[in-house]
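Chains as they are written, first to last, in numbering that gives the first Met the number 0: chain A, 0 to 126; chain B, 0 to 342.
Note that CB positions come from ideal geometry on N, CA and C, so glycine has one too.
Just below is one structure, and these are the notes that go with it.
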Amino acid sequence: MKSVIPREVESLWTLFTAPTVWAVHFVGCYTTVAVYCAKASSLDFGFETVRLLLAGLTILALAVIVLSAWLAWRQWGFGVHDPPHDEPTKKGRTLFQGYATLLLSGLSFVAVVYAAIPLIFIAECQR
Amino acid sequence: MPDGGVTGLFQPIPSQRHLSRLCPGLVALLVLPLPSCSGNHSALDPAGPEAANIAQLFFLMLVGAVVIWLGLVASIIYASRKRREHSEESAGRVILWGGAVIPTIILCALLSYGMWLMPAIRPWVPDDHQVRRIEVTGEQFWWRVRYFDEAGKTMFETANEVRIPVGQPAHFSLKAADVIHSFWVPSLGGKMDMIPGRTNPLTLTADREGTYRGVCAEFCGESHALMAFTVRAVAPDEHEAWLAERRASSPQDTEGLAVFLNNGCGACHAISGTAANGRIGPDLTAFGERSTLAAGTLPHTVEDIARFVAYPGVIKPGVKMPHFGMLPEDDIKTIAVFLKELK
Chain A
0 MKSVIPREVE
10 SLWTLFTAPT
20 VWAVHFVGCY
30 TTVAVYCAKA
40 SSLDFGFETV
50 RLLLAGLTIL
60 ALAVIVLSAW
70 LAWRQWGFGV
80 HDPPHDEPTK
90 KGRTLFQGYA
100 TLLLSGLSFV
110 AVVYAAIPLI
120 FIAECQR
Chain B
0 MPDGGVTGLF
10 QPIPSQRHLS
20 RLCPGLVALL
30 VLPLPSCSGN
40 HSALDPAGPE
50 AANIAQLFFL
60 MLVGAVVIWL
70 GLVASIIYAS
80 RKRREHSEES
90 AGRVILWGGA
100 VIPTIILCAL
110 LSYGMWLMPA
120 IRPWVPDDHQ
130 VRRIEVTGEQ
140 FWWRVRYFDE
150 AGKTMFETAN
160 EVRIPVGQPA
170 HFSLKAADVI
180 HSFWVPSLGG
190 KMDMIPGRTN
200 PLTLTADREG
210 TYRGVCAEFC
220 GESHALMAFT
230 VRAVAPDEHE
240 AWLAERRASS
250 PQDTEGLAVF
260 LNNGCGACHA
270 ISGTAANGRI
280 GPDLTAFGER
290 STLAAGTLPH
300 TVEDIARFVA
310 YPGVIKPGVK
320 MPHFGMLPED
330 DIKTIAVFLK
340 ELK
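Below you can see the structure in the form of structure tokens.
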């Protein structure tokens with residue numbers, strides 16, 4: 000069966016996907032809250048709306064990271080091959096890259112969850 | 000025999016001998032810091048709900064860290080003594096669980112717990128609420144304290160000493176006049192930075208009467224370590240009486256006041272109800288009530304006041320106050336007695 004996402008996308012770019020998503024989510028959360036709290040008195044929506052917006056951004060970020068992890072898992076051969084992938088061959092490089100991408104995706108997933116935890120507990124701006 | 004009493008087979012090996020010598024030293028090292036866990040300047044002896052939450056967080060993290068440390072030491076001892084080789088697969092499992100999964104879960108739990116505590120540690124009241132605020136401004140190297148009424152109007156100013164009512168939240172507005180300072184009363188709560196151009200709010204509640212020591216917790220210059228203050232938590236009735244008394248404070252004309260004014264002290268210091276209205280140095284109204292001198296640097300005695308008036312820069316390097324050692328000794332003493340008796 001032909002995959003919806005072709006194997007050609009599995010390049011060095013997929014390696015950067017998950018950390019980039021984490022960075023965007025991190026900066027997005029911080030700037031959104033900082034800008035909202037600085038301008039809260041002149042805006043006509045509450046902090047609840049900001050939390051919901053960022054919760055949506057978090058779910059989107061996690062979904063993209065999971066997709067990136069799935070692609071990496073496929074590139075790694077669905078866990079059939081054990082590391083270290085240190086042969087100087089194209090297959091060895093592909094498997095290494097898939098494994099590294101999978102680990103980075105895991106790290107990015109945890110980092111996005113950590114960055115989102117304050118959204119659960121912090122319910123207002125402190126000015 | 001040097002260690003006496005132990006013979007033959009039961010003679011301890013050298014490493015055990017070293018351990019037995021080290022033990023009293025280690026116990027002493029562990030016991031010595033214990034007195035610092037209590038007192039009026041200890042985050043481990045909380046006198047209010049905000050500080051109690053911080054102490055709780057500290058003890059939870061301490062117990063957790065000890066458990067993790069013991070586990071780590073146990074595994075190091077196990078690894079150094081084991082005879083049997085473990086498979087690479089089981090070693091990988093230990094690394095995965097011990098090095099990644101369990102730390103991730105512990106960090107997640109700690110982060111969540113810390114965040115959950117945050118609103119209780121940093122309670123705040125919006126600006127539009129009608130509460131009495133106490134404005135504290137950090138200056139090199141002292142604290143300007145201003146009391147406001149519910150309408151935000153200044154009631155009076157004082158320095159280096161804050162009075163708050165027991166059992167009622169005290170709302171602070173924290174500012175800085177020159178460089179970054181940090182306002183920290185360990186017995187009452189966490190510290191809050193004072194940043195030039197910003198007003199940071201902080202709410203602290205004392206749930207028992209007492210005098211608590213506060214410090215500047217951000218390096219601010221050569222006399223940073225000599226920039227302390229006291230917080231006196233008193234019964235609400237007593238606090239109200241003090242506020243009323245301070246608002247009406249007006250000392251009588253005395254020889255001391257005349258010497259104080261004639262030597263130009265009033266150009267930098269203010270004393271309510273007199274011609275002294277300087278704004279550069281600390282307000283000296285009711286100075287005699289204070290428990291320390293020069294922001295917690297010296298005891299509040301006539302001799303120390305005279306010493307500080309004569310050579311402030313020697314006692315507290317970097318202060319703006321010039322030396323007055325050139326004044327006649329009698330004048331310095333008269334000023335010191337006048338200030339000590341100023342109520």
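Using beta carbons (cut-off 8 Å, strictly below), is residue i in contact with chain A?
i, result
"tryptophan 183/B", "no"
"tryptophan 96/B", "no"
"leucine 56/B", "no"
"threonine 202/B", "no"
"methionine 117/B", "yes"
"threonine 103/B", "yes"
"serine 111/B", "yes"
"cysteine 267/B", "no"
"leucine 8/B", "Residue placement at leucine 8/B cannot be trusted, given a pLDDT of 45 that sits under 50; what the coordinates show is reported in the next sentence. No, because no Cβ of chain A sits closer than 8 Å to the Cβ of leucine 8/B."
"alanine 169/B", "no"
"arginine 197/B", "no"
"cysteine 107/B", "yes"
"methionine 191/B", "no"
Closest Cβ-Cβ distance between residue i and chain B: below 8 Å?
i, result
"proline 117/A", "yes"
"histidine 98/A", "According to the sequence as given, residue 98/A is tyrosine; it is not histidine. Closer than 8 Å: no."
"isoleucine 121/A", "yes"
"valine 34/A", "no"
"tyrosine 29/A", "no"
Going by beta carbon distance, what residues of the same chain come within less than 7 Å of residue i, once the five residues before and after it are set aside?
i, result
"alanine 333/B", "A small fix is needed here, since residue 333/B is threonine in this sequence, not alanine. So the list reads Glu254, Gly255, Val258, once near-sequence residues are dropped."
"proline 1/B", "Only weak support is given to the placement of proline 1/B: the predicted model assigns it a pLDDT of 41, under 50, and the value that follows is read from those uncertain coordinates. So no residue of the chain qualifies."
"leucine 118/A", "Arg50, Leu53, Ala54"
"isoleucine 279/B", "Cys267, Lys319"
"alanine 54/B", "Ala42, Leu43, Pro45"
"phenylalanine 286/B", "Leu338, Leu341"
Would you give the residue range spanned by the alpha helix (DSSP H) that residue i belongs to?
i, result
"phenylalanine 120/A", "89-120"
"isoleucine 53/B", "48-80"
"arginine 73/A", "46-74"
"glutamate 244/B", "235-246"
"isoleucine 133/B", "Looking at the DSSP string, isoleucine 133/B is not in any alpha helix (DSSP H); the run it does join, the beta strand (DSSP E), is 132-138."
"leucine 11/A", "11-38"
Starting from the C-beta of residue i, find all residues in its chain whose C-beta is less than 6 Å away, skip the five residues before and the five after it, and write them out in chain order.
i, result
"asparagine 199/B", "Leu173, Met191"
"alanine 39/A", "Cys124"
"threonine 284/B", "Ser248, Ile270, Ser271"
"phenylalanine 9/B", "Only weak support exists for where phenylalanine 9/B lies, its pLDDT of 46 falling under 50; the value from the coordinates is given anyway. So the list is empty, once near-sequence residues are dropped."
"proline 195/B", "Ala175"
"proline 122/B", "Thr202"
"aspartate 282/B", "Glu156, Thr157, Ala158, Ala269"
Quick one: residues in its chain with C-beta nearer than 8 Å to the C-beta of residue i, no 5 flanking neighbours on either side, listed in chain order?
i, result
"tyrosine 35/A", "Leu42, Phe46, Val49, Cys124"
"alanine 305/B", "Ile331, Lys332, Ile334, Ala335"
"leucine 11/A", "Gln96"
"asparagine 262/B", "Phe323, Leu326, Asp330, Ile334"
"tryptophan 183/B", "Gly189, Lys190, Met191, Gly213, Val214, Cys215, Ala216"
"tryptophan 72/A", "Gly78, Gly97, Leu101"
How many whole angstroms separate the CB atoms of residue i and residue j, which I take to be in contact at a CB cut-off of 8 Å?
i, j, result
"alanine 205/B", "serine 181/B", "Actually they are not in contact, since the Cβ atoms of alanine 205/B and serine 181/B sit about 20 Å apart, beyond 8 Å."
"glycine 277/B", "serine 249/B", "17 Å between Cβ atoms; not a contact."
"glutamate 49/B", "isoleucine 120/B", "5 Å"
"serine 107/A", "alanine 17/A", "4 Å"
"glutamate 156/B", "arginine 143/B", "7 Å"
"serine 186/B", "aspartate 303/B", "Rounded, the Cβ-Cβ distance is 25 Å, inconsistent with contact."
"tyrosine 29/A", "cysteine 107/B", "Not a contact, Cβ separation roughly 19 Å."
"valine 130/B", "alanine 234/B", "So it is not a contact: roughly 19 Å between Cβ atoms."
"isoleucine 186/A", "leucine 103/A", "As shown, chain A starts at 0 and ends at 126. That puts residue 186/A outside it, with no answer to give."
Tell me which residue opens and which closes the beta strand (DSSP E) that residue i is part of.
i, result
"proline 316/B", "No beta strand (DSSP E) contains proline 316/B, which DSSP labels as neither H nor E."
"proline 200/B", "199-203"
"arginine 214/B", "The residue you asked about is not arginine; residue 214/B is valine in the sequence shown. From DSSP, the beta strand (DSSP E) with valine 214/B extends over 209-215."
"tryptophan 96/B", "Careful: tryptophan 96/B lies outside any beta strand (DSSP E) and carries neither H nor E."
Counting beta carbon pairs with one atom in the stretch 72-82 of chain A and one in the stretch 91-102 of chain A, are three or more of them shorter than 8 Å? The stretch 72-82 of chain A and the stretch 91-102 of chain A touch, with three or more beta-carbon pairs separated by less than 8 Å.
(message) Under 8 Å: do the stretch 54-74 of chain A and the stretch 18-33 of chain A share three or more Cβ pairs, one atom per stretch?
(response) Contact holds: three or more Cβ-Cβ distances are below 8 Å.
Assess, as a yes-or-no matter, whether the stretch 137-144 of chain B is touched by the stretch 114-124 of chain B under the definition of 3 or more beta carbon pairs within less than 8 Å. Verdict: no, contact absent.
Hey, is the stretch 288-297 of chain B in contact with the stretch 313-329 of chain B, meaning 3+ C-beta pairs nearer than 8 Å?
Contact between the stretch 288-297 of chain B and the stretch 313-329 of chain B is present, because at least three Cβ pairs lie under 8 Å.
For this session: Could you tell me whether the stretch 223-235 of chain B touches the stretch 206-213 of chain B, using the rule of 3 or more Cβ pairs below 8 Å?
Result: Three or more beta-carbon pairs separated by less than 8 Å link the stretch 223-235 of chain B to the stretch 206-213 of chain B, which places the two stretches in contact.
* Quick one: any contact between the stretch 66-82 of chain B and the stretch 19-37 of chain B, if contact means 3 or more CB pairs under 8 Å? -> Not touching, per the Cβ criterion.
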